[in-house]
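Those letters in the sequence shown? Residues 108 to 305, by this note's numbering. Report on one structure; see the data block that follows.
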Amino acid sequence: MKKKTWFCTGLLTAMILSIIACGGSIRYAERDPDMKDFHPRTIGLLYADVAAYPEARGVIDEIIIADLIGRHWFATVLPSDTLKNQLKNDQDLQKTVTDYLLKLNTVNYSDPALSRQIGDSLKIEAFLIVTVDSWNYAIEKQNNVARAGLSMKLIETGTGRIAWKAGHNIEKEYTFLKPDLKDVGKSVVNAMIGAMPH
């Protein structure tokens, strides 16, 4: 009987740790209560700010786009390459995006006129803006950890309103074999996109 109890307790503990390792619920999420009926059919990743984590450049874009496409929630997901090519070939669009991001990042203002121009040019109803908050290996409390963390904003292009914003991070402890940060990042993205309105 004791062996069975220990086995059940061990199994339950393993299940709980597995849920925690997969990220569980996301760290924080906030939805605009006036936008409960916002269900975009077309979406794109406008910008991923890797800031202090250049090794995440390109990788995080690929993970997010693959997750959005894989869910089959949207009629169109604008691929990152398409967006980059349009920005390279359209100076007006490039200036609009730069001006929009500058206002958003400096005075926390999502300019509706610029947002609408972006939506019209790219033919999308919503876009994501992502910031990489962590993407590294570290030692915490004498434990080796691989960590990835993101913040996301979902913007409605027609009004410039921030329909949803969220943040999440996952840390995976390891002893010898380093987990691939791309895999940790996939877990973060999966949890966050799973909680995003669609």
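Glycine is no exception: its CB is placed at the ideal position from the N, C-alpha and C atoms. Just so it is clear, the structure is predicted and the values come from calculations on it, not from any experiment.
{"Check": "Beta-carbon spacing of alanine 182, arginine 148 below 8 Å", "Outcome": "yes"}
{"Check": "Supposed contact pair leucine 235 and leucine 152 - C-beta distance, whole angstroms, cut 8 Å", "Outcome": "5 Å"}
{"Check": "Sheet register partners of alanine 136 (DSSP bridge)", "Outcome": "Ala273"}
{"Check": "Three-state class that DSSP yields for asparagine 215 in the structure shown", "Outcome": "coil"}
{"Check": "Three-state secondary structure assigned by DSSP to arginine 254", "Outcome": "strand"}
{"Check": "Element boundaries [beta strand (DSSP E), containing valine 237]", "Outcome": "233-247"}
{"Check": "Residue span of the alpha helix (DSSP H) that contains aspartate 290, given as start and end", "Outcome": "288-302"}
{"Check": "Validate contact between the region 133-144 and the region 268-280 using beta carbons, cut 8 Å, 3 pairs", "Outcome": "yes"}
{"Check": "C-alpha gap between glutamate 162 and threonine 238, whole angstroms", "Outcome": "13 Å"}
{"Check": "Option nearest methionine 299 by Cα separation, candidates Thr203, Gly256, Thr266", "Outcome": "Gly256"}
{"Check": "Buried/exposed call for alanine 168, threshold 16 Cβ in 10 Å", "Outcome": "Here the sequence assigns aspartate to residue 168, which means alanine is not the residue at that position. It counts as buried."}
{"Check": "Simplified DSSP state of threonine 266, which is helix, strand or coil", "Outcome": "coil"}
{"Check": "Under the three-state DSSP convention, the category leucine 153 falls into", "Outcome": "strand"}
{"Check": "Cβ-based burial, phenylalanine 145 [other Cβ within 10 Å; buried from 16]", "Outcome": "buried"}
{"Check": "Backbone secondary structure at lysine 279 - three-state DSSP", "Outcome": "strand"}
{"Check": "Chain-order list of residues whose beta-carbon lies under 6 Å from that of glutamine 201 (same chain, five-residue window excluded)", "Outcome": "Leu194"}
{"Check": "Secondary structure, alpha helix (DSSP H): runs of 4+ residues fully inside the region 144-201", "Outcome": "166-178, 187-196"}
{"Check": "Cβ pair alanine 245, lysine 285 closer than 8 Å", "Outcome": "no"}
{"Check": "8 Å Cβ cutoff met for serine 294 and isoleucine 269", "Outcome": "no"}
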